[in-house]
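full-length UniProt numbering puts the first residue of the sequence shown at 1, with every later residue one more than the last. Everything on this sheet refers to the single structure shown next.
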Amino acid sequence: MGDWNLLGSILEEVHIHSTIVGKIWLTILFIFRMLVLGVAAEDVWDDEQSEFVCNTEQPGCKNVCYDQVFPISLIRYWVLQIIFVSSPSLVYMGHALYRLRALEKERHKKKAHLKVELEETEALEEHKRIEKELRKLEEQKKVRKAPLRGSLLRTYVLHIITRSVVELGFIVGQYVLYGIGLSPLYKCEHDPCPNSVDCFVSRPTEKNIFMIFMLVIAGVSLFLNLLEIFHLGVKKIKETIYGSKYSGDDESICRSKKKLHGPTSMHPYQFLTTKTYAFDAHFPYGGARWTNGTYASLYANGWSSI
1 MGDWNLLGSI LEEVHIHSTI VGKIWLTILF IFRMLVLGVA AEDVWDDEQS EFVCNTEQPG
61 CKNVCYDQVF PISLIRYWVL QIIFVSSPSL VYMGHALYRL RALEKERHKK KAHLKVELEE
121 TEALEEHKRI EKELRKLEEQ KKVRKAPLRG SLLRTYVLHI ITRSVVELGF IVGQYVLYGI
181 GLSPLYKCEH DPCPNSVDCF VSRPTEKNIF MIFMLVIAGV SLFLNLLEIF HLGVKKIKET
241 IYGSKYSGDD ESICRSKKKL HGPTSMHPYQ FLTTKTYAFD AHFPYGGARW TNGTYASLYA
301 NGWSSI
């Protein structure tokens, strides 16, 4: 069997950018398909042509009968299946890495902008806010996974649908070519065979076990693909419902204003701040202001407003 190291290293990167269901799918691909195919299945199917015996000495008859029984070597068929099923994941990984680099560039720009802003500002609260954002940017730098939303989410769903279609195609193809299993004896009547010839398959029971095993694993992989699409759909619906339910609740209670100012003799109770919350609509006997958690003014008692 060929070296799987290249494909394995690429799929490990896909594993980082996948959901929990996608990680399970990749684990099954690694362990129950690539590993089993490379370690055990190849030895079982190594003798499919050398040990294929027909009770005739007619030249060419054995080759024709073998081609009828095995239109394509199942080992090569399963290798093609793994390659084609994995290909959509490689396309998604390319998009994820591109998005990750774009986010990294955005972080660099934001970091440079915040550093300039930090040097220019003199407000203590503003200093703390900028330093907090800079720490967040440093933490985000360690994250190797791009957020699954927008165009990247669409690419992810499309790649799941594509590999599901490919998986289903290979399952149907194997059933059409071989059915559920191999028969120990085949009757061959093709030219140049003189008459009906009996041909015998080597280790048919062992081969049938591997055929059924690979079909079951393909079916499980297909089920996981459908489960992942359902999982993403439910998650998106929840985000839409709960997001619209709770977004804007804070805005209905208070409105946010951003401003920078210092204390003056006209307004002795002003504080240096970057954000002031107004609650005018909720006080029937006068307006009020909260600044940095401190009650700053009350119209009804004669204090000057901010």
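Don't be surprised by glycine CBs; every beta carbon is placed ideally from N, CA and C. Bear in mind the structure is a predicted one, so any value in this text is a computation, not a measurement.
Inspect the beta-carbon positions of residue i and residue j and report whether they are closer than 8 Å.
i	j	result
A96	L152	yes
H159	S89	yes
L74	W45	yes
F192	C61	According to the sequence displayed, residue 192 carries Pro and not Phe. It is a contact, given that the beta carbons lie within the stated cut-off.
N225	R163	yes
residue 307	L232	Lying outside 1 to 306, the shown extent of the chain, residue 307 is not represented and no answer is given.
G219	I171	yes
R33	I72	no
V216	M93	no
Have a look at residue i and residue j and give me their C-alpha separation to the nearest angstrom.
i	j	result
S87	L168	15 Å
V85	L100	24 Å
L35	Q58	40 Å
W78	I241	43 Å
C188	T56	11 Å
I24	T205	30 Å
H190	E12	48 Å
G150	V165	23 Å
L177	L26	27 Å
I20	I212	27 Å
K238	G22	20 Å
E51	F70	13 Å
M214	Q174	10 Å
L37	I31	9 Å
V91	F210	30 Å
K235	P147	14 Å
Y186	R76	22 Å
R203	P194	27 Å
E104	Y98	10 Å
When you measure from the CB of residue i to every non-hydrogen atom of the ligand NAD, does any distance come out below 7 Å?
i	result
I161	The model on display carries no ligand, and the ligand NAD is accordingly not part of it.
Just list the residues that DSSP pairs residue i with in beta bridges.
i	result
K235	According to DSSP, which records beta bridges pairwise, K235 is partnered with nothing at all.
F200	V53, L185
Could you tell me if residue i is buried or exposed, where buried requires 16 or more neighbouring beta carbons within 10 angstroms of its beta carbon?
i	result
F230	exposed
R154	exposed
F223	exposed
L29	buried
H17	buried
E106	exposed
E48	buried
T294	Interpretation of T294 is limited by its pLDDT of 41, a score under 50 that renders its predicted location unreliable; no figure is taken from the coordinates.
Beta-carbon of residue i versus every beta-carbon of chain B: anything under 8 Å?
i	result
I171	Chain labels in this structure do not include chain B; a single protein chain is all it has.
Under 8 Å, with one C-beta from each stretch per pair, do the segment 61–70 and the segment 195–207 reach the 3-pair mark? yes
When you compare the segment 178–197 with the segment 35–42, are there three or more beta-carbon pairs, one atom per stretch, that lie closer than 8 Å? no
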